[in-house]
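Asker: Dropping a structure here in structure tokens format, bear with me for questions.
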Amino acid sequence: MIDPVLLRENPQLIKRSQELRGESTALVDAAVEADAARRTAIAVFESLRAEQNAFSKQVAQAPKEAKAALVSQAQELAARVKAANQAASDADSEFIEVVQRIGNVVIDGVPGGGEDDYNVLKEVGDIPAFGFEPRDHLEIGELLDAIDMQRGAKVSGARFHYLKGIGARLELALMTMGLDRALAAGFTPLITPTLVRPEIMQGTGFLGAHSDEIYYLPDDELYLTGTSEVALAGYHADEILDLSNGPIRYAGWSTCYRREAGSGGKDTRGIIRVHQFNKLEMFSYVDPADAEAEHERLLAWQEEMLQSLGLAYRVIDTAAGDLGSSAARKYDVEAWVPTQERYRELTSTSNCTTFQSRRLDIRHRTDGGKTAPVATLNGTLATTRWIVAILETHQQADGTVVVPEALRGYLGGLELLEPVAR
RNA sequence: GGAGACGUCGCAUAGUCCGGUCGAGUGCACCACCCUGCUAAGGUGGAGUCCCCGUAAGGGGACCGCGGGUUCAAAUCCCGCCGUCUCCGCCA
19 MIDPVLLREN PQLIKRSQEL RGESTALVDA AVEADAARRT AIAVFESLRA
69 EQNAFSKQVA QAPKEAKAAL VSQAQELAAR VKAANQAASD ADSEFIEVVQ
119 RIGNVVIDGV PGGGEDDYNV LKEVGDIPAF GFEPRDHLEI GELLDAIDMQ
169 RGAKVSGARF HYLKGIGARL ELALMTMGLD RALAAGFTPL ITPTLVRPEI
219 MQGTGFLGAH SDEIYYLPDD ELYLTGTSEV ALAGYHADEI LDLSNGPIRY
269 AGWSTCYRRE AGSGGKDTRG IIRVHQFNKL EMFSYVDPAD AEAEHERLLA
319 WQEEMLQSLG LAYRVIDTAA GDLGSSAARK YDVEAWVPTQ ERYRELTSTS
369 NCTTFQSRRL DIRHRTDGGK TAPVATLNGT LATTRWIVAI LETHQQADGT
419 VVVPEALRGY LGGLELLEPV AR
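Residues 19 to 440 (our numbering) are what the first sequence spells out, left to right.
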């Protein structure tokens, strides 16, 4: 949720942000109005309540014989208080309902527009060239007996897969490598719940426009999370954190579930876009003043992973319209996928500033001793999808795949993945 | 799944039976000051969170797990939910 004070004092700033996102500016006017109505209603209620409180003290202290008369007077006042209370809470709900539909205020420099309006910040590494026709990741995965889509579909349906043998080991190796890097950087590992309550899902901003992306279990009123970010953000909900020793950082390890409802027939081949995968996610709670610097740090750790794995990639500054409601800025690191002859997103890191923490009520103490919302940031350190880029990038004509050096230690020293006769 | 107990201001607790004098006592921890020949003991005072009005000083409101209800008035009575614990059953 955006800062209500900012809304009141500088609605223009929020309108500009909405414009960059390609979203409604009328919503900002509506929110400002709802805020004013809400405050008026609260003032009316509170002065009536003050009157009632004072009256109530009189009743309590009055001698027995005077009580009956006072009570009948008080009854009339009580009815007005009740109505005013209802009006105030209705006005408050109305305000929350409107203000929640406004996306986080984008940071200066974020390009306006939609999916294709990103800025390329850098391109790193040489795009691999092959003296042969490269195989796509699924073909290689099947040669290596590492990926089994048919049986995934048989058991669970389209967009489900098995990782088998070296495929399973490869995923664990990637995740563990990421975890080791995270540990070295001071992150605390956290294996998180993947089913969460509605309040938590709501608080992280995932129940907005894209709620049809999320699996829901109505019998239990629980949501399956599409990223451990949800449980990592919820971890410190309703708490006041001590950030005096710097950011609090967690590395969340979890399975992720996505309905992929809007993706139509895209990426139906292989494991690029699946309903269930694993991910190691960085999550930081920081002083808002430090948020942009932390964002750069998260990006740097992601780039180190890609570089260690010998992948060619680029970094894009995602356009405002493609941010998602919680993010104020998002960088995607995209690896080159040879058979698609284009870059595909492997990681994403978002600066959510204080947007999530306001909903989840996560605060810290400022130097003045006051409480203030913290900033939250998240970023991918490894996921199942990376296997796609690794297999394709490091493949050889004979169907073997060279294991990137950084990964060998996690595969018992294995240097070459070789086709398996089945 | 069945039965029961519990959830209070950082922590530990009192208050709940018998509604108002309870936004709430006590201990520990905390902060400031005082005292004391020492990192002890003692004394005095202070301190929660959120919101509204106000430039401010200040004023007002809400908060006793969460949400409803009864009542002039709810930490206290009633209902629902969430959580914790104990016992039984079940599964392993």
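Yeah, the Cβ is synthetic: ideal placement off N, Cα and C, and Gly gets one too.
Could you check what DSSP says for Ser35 in three-state terms: helix, strand or coil?
Answerer: For this step, residue 35 is matched to residue 17 along the first sequence. If DSSP states are grouped into helix, strand and coil, Ser35 belongs with the helices.
Asker: What are the partner residues of Ile232, as DSSP defines its beta bridges?
Answerer: Against the first sequence, residue 232 aligns to sequence position 214. According to DSSP, which records beta bridges pairwise, Ile232 is partnered with nothing at all.
Asker: My parser needs the alpha helix (DSSP H) runs of 4 or more residues fully inside the segment 240-281; what are they?
Answerer: Runs of the alpha helix (DSSP H) inside the segment 240-281: 247-252.
Asker: Can you tell me the Cα-Cα spacing of Val99 and Arg119, whole angstroms?
Answerer: For this step, residue 99 is matched to residue 81 along the first sequence. For this step, residue 119 is matched to residue 101 along the first sequence. Going by the C-alpha atoms only, they are around 31 Å apart.
Asker: Would you be able to state if there are at least three C-beta pairs under 8 Å between the segment 105-112 and the segment 309-320?
Answerer: No: fewer than three Cβ pairs fall under 8 Å.
Asker: From this set, Glu133, Met167, Gln30, Arg26, which residue's C-alpha is nearest Thr286's C-alpha?
Answerer: Counting from 1 along the first sequence, the entry for residue 286 is found at position 268. Nearest C-alpha to Thr286: Met167.
Asker: Can you list the alpha helix (DSSP H) stretches of 4 or more residues lying completely in the segment 148-230, in chain order?
Answerer: If we require 4 residues or more, the alpha helix (DSSP H) runs fully inside the segment 148-230 come out as 155-161, 167-174, 184-202, 216-221.
Asker: Does Tyr303 come out as helix, strand or coil in the three-state DSSP assignment?
Answerer: Against the first sequence, residue 303 aligns to sequence position 285. Strand at Tyr303.
Asker: Indicate whether the contact test is met: 3 or more Cβ pairs, each with one atom in the segment 243-259 and one in the segment 203-223, closer than 8 Å.
Answerer: The segment 243-259 vs the segment 203-223: in contact.
Asker: Met5 and Leu399 look like a contact to me (Cβ under 8 Å); what is the Cβ gap, rounded to whole Å?
Answerer: Residue 5 lies beyond the stretch modelled for the chain, which goes from 19 to 440, so this question has no answer here.
Asker: State the Cα-Cα distance for the pair Glu141 and Ile184, rounded to the nearest angstrom.
Answerer: Against the first sequence, residue 141 aligns to sequence position 123. Against the first sequence, residue 184 aligns to sequence position 166. Approximately 30 Å between the Cα atoms of the pair.
Asker: CA-CA distance, Thr371 and Tyr253?
Answerer: As a first step, residue 371 must be located in the first sequence, where it is residue number 353. As a first step, residue 253 must be located in the first sequence, where it is residue number 235. If you take the alpha carbons of Thr371 and Tyr253, they lie about 17 Å apart.
Asker: Consult DSSP for Pro22 and reduce its assignment to one of helix, strand or coil.
Answerer: As a position in the first sequence, residue 22 is number 4, starting the count at 1. The answer is helix: DSSP assigns Pro22 an H, G or I state.
Asker: Quick check on the burial criterion: 16 or more other C-beta atoms within 10 angstroms. Buried or exposed for Lys297?
Answerer: Taking the first residue of the first sequence as position 1, residue 297 is located at position 279. Buried, since its Cβ has 16 or more Cβ neighbours within 10 Å.
Asker: Between Ala393 and Val128, is the Cβ-Cβ spacing less than 9 Å?
Answerer: For this step, residue 393 is matched to residue 375 along the first sequence. For this step, residue 128 is matched to residue 110 along the first sequence. No, Cβ-Cβ distance for Ala393 and Val128 is not below 9 Å.
Asker: When the Cα atoms are used, what is the spatial distance from Asp379 to Ala251?
Answerer: As a position in the first sequence, residue 379 is number 361, starting the count at 1. As a position in the first sequence, residue 251 is number 233, starting the count at 1. If you take the alpha carbons of Asp379 and Ala251, they lie about 10 Å apart.
Asker: Ignoring anything shorter than 3 residues, give me the beta strand (DSSP E) runs that lie fully in the segment 98-145, in order along the chain.
Answerer: Entirely contained in the segment 98-145, the beta strand (DSSP E) runs reaching 3 residues are, in chain order, 137-142.
Asker: Run through the segment 343-415 for me and flag every whole alpha helix (DSSP H) of 4 or more residues, listed as ranges in chain order.
Answerer: Counting only runs of 4 or more, we get 373-378, 404-411.
Asker: I'd like to know if the segment 37-47 and the segment 76-92 are in contact, where contact means that at least 3 CB-CB pairs between them fall below 8 Å.
Answerer: Contact fails: fewer than three Cβ-Cβ distances are below 8 Å.
Asker: Under 8 Å, with one C-beta from each stretch per pair, do the segment 203-212 and the segment 263-281 reach the 3-pair mark?
Answerer: With a cut-off of 8 Å, the segment 263-281 and the segment 203-212 count as touching, because enough Cβ pairs lie within range.
Asker: Alpha carbon to alpha carbon, what distance is there between Ala68 and Ala203?
Answerer: As a first step, residue 203 must be located in the first sequence, where it is residue number 185. As a first step, residue 68 must be located in the first sequence, where it is residue number 50. If you take the alpha carbons of Ala203 and Ala68, they lie about 54 Å apart.
Asker: Just reading off the alpha helix (DSSP H) that Ile334 is part of, what are its end residues?
Answerer: Along the first sequence, one-based indexing puts residue 334 at 316. Run containing Ile334: none in the alpha helix (DSSP H); it sits in the beta strand (DSSP E), 331-335.
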